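These notes are about the structure you will find just below.
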Amino acid sequence: MYRIPHPTTAIAGVLLLALASILSVTTVLAADLAAHVPGEILIKFTESTGASQKIGALDSFGATVLREDRTLNYSRVQIPDGMMVEEAIEHFQRDANVKWVEPNYYGWLPGAPQDPHITDDVPPTTPNAWHVFQTNLFHLWRWAGGGADTVRVGIIDSGTDLSHADLAGNAAASGHYDFVEGDATPNDPNGHGTHVAGIACAVSNTVGMAGVAYEAEFVSIRVMNAAGTGTSDNAAQGINWAADSTDVEVINMSIGFPENNAMYEAVANVLSAGIIPVAASGNDTASAVGFPANIPGVISVGATASDTT
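Sequential numbering of the sequence shown, starting at 0, is according to numbering that gives the first Met the number 0.
Below, the structure written as structure tokens:
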């Protein structure tokens with residue numbers, strides 16, 4: 000990996016994008032936080048388990064492998080029709096050759112806090128720009144500029160409108176991927192990922208707001224669908240893709256999930272590659288830090304509002 004001329008700008012860009020993209024779980028979503036894909040599990044066998052043993056354990060249970068992750072060495076598996084995921088997990092937890100087994104969890108995109116004392120009001124002279132002043136962004140720009148065009152930031156989100164006038168100039172020539180549709184065109188039917196990419200890397204072109212790292216490149220990695228939900232398997236794939244296939248220095252994960260092994264190990268892979276992971280901590284006004292922001296080594300970022308709360 001090459002040296003970053005001004006790493007602070009790239010890092011700050013990803014940190015500050017959390018201003019508009021921190022996890023919030025409404026009352027309805029809170030009840031479904033551990034919701035998961037029906038009929039599927041994620042399973043990882045121990046390193047000493049041979050291929051024939053894995054196949055035998057799954058076949059004897061009537062399970063079918065849907066996808067194998069050959070980097071993280073786990074499988075997404077379909078369990079027999081009519082079987083509860085909990086039942087399958089209990090079965091495989093009794094197998095000494097299984098390192099871990101878990102649901103393929105659903106996760107959610109960030110939203111606005113539900114606290115009525117938090118508002119989005121901003122002075123009319125600086126609409127949607129209070130973060131520039133509250134974070135002393137002008138001082139950063141005077142010191143380090145808008146980053147360098149050799150810096151790459153990975154945006155793991157709902158995709159990005161790569162043709163957007165404020166983003167096209169800083170979109171990397173390669174490395175983008177859509178793990179929802181399974182192709183190299185991560186379109187954004189939700190809008191969240193485009194917004195996040197703009198906060199981090201929008202070009203300085205007199206149109207709208209410049210991104211914090213306005214000279215840095217970004218790679219769009221889509222793991223969330225049009226409704227703003229995604230699976231832990233897709234998220235783990237996206238995080239791992241950032242580590243292995245994109246040449247990024249920083250990744251941002253403005254996504255929230257129940258704690259799970261697949262994403263945990265993907266983040267560990269990112270850290271091993273020397274990449275800085277940043278994640279939304281959660282802005283539901285609770286003190287607990289959400290996942291994946293609470294993984295050791297991840298920079299957890301909270302939000303600020305126009306009244307500095």
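Don't be surprised by glycine CBs; every beta carbon is placed ideally from N, CA and C. Predicted, not measured: the structure shown is a model, and the values here were computed from it.
Secondary-structure assignment with DSSP links Leu139 through no beta bridge to anything.
For Tyr104, the three-state secondary structure derived from DSSP is strand. Asn251 has Ile154 and Val277 as its beta-bridge partners, per DSSP. Asn204 has its alpha-carbon roughly 32 angstroms from the corresponding atom of Gly281. With a beta-carbon spacing of about 6 angstroms, Ala183 and His175 fall inside the 8 angstroms limit used to define contacts.
Sixteen is the threshold: when 16 or more other Cβ atoms of the shown chains lie within 10 Å of the Cβ of Met223, as they do, the residue is buried.
In the structure shown, Tyr213 adopts coil according to DSSP, grouped into three states. Nearest in C-alpha terms to Tyr73, of all of Trp140, Ala235 and Asn186, is Ala235. Rounded to the nearest angstrom, the gap between the Cα atoms of Ala170 and Glu216 is 6 angstroms. Of the residues Gly289, Val249 and Tyr213, the one whose Cα lies closest to the Cα of Asn259 is Gly289.
From the listed residues Thr228, Thr230, Thr70 and His35, the smallest Cα separation to Ile88 is found for His35. Closest in alpha carbon position to Gly210, among Gly168, Asp187 and Ser173, is Gly168. In this structure, the alpha-carbon of Tyr213 lies about 9 angstroms from that of Ile198. DSSP places Val222 outside both helix and strand once states are collapsed to three, so it counts as coil. The three-state secondary structure of Ala170, taken from DSSP, is strand.
Within a 10 Å sphere around the beta-carbon of Pro291 sit 16 or more other beta-carbons, which makes this residue buried. At a Cβ-Cβ threshold of 8 angstroms, Leu166 and Ala196 count as neighbours.
Under the three-state reduction of DSSP, Phe44 is assigned to strand. In this structure, Thr63 keeps its C-beta atom at 8 angstroms or more from the C-beta atom of Asn96. Where Asp160 is concerned, there is no enclosing alpha helix (DSSP H), because DSSP gives it neither an H nor an E. Cα atoms of Gln77 and Glu67: separation of roughly 12 angstroms, rounded to the nearest angstrom.
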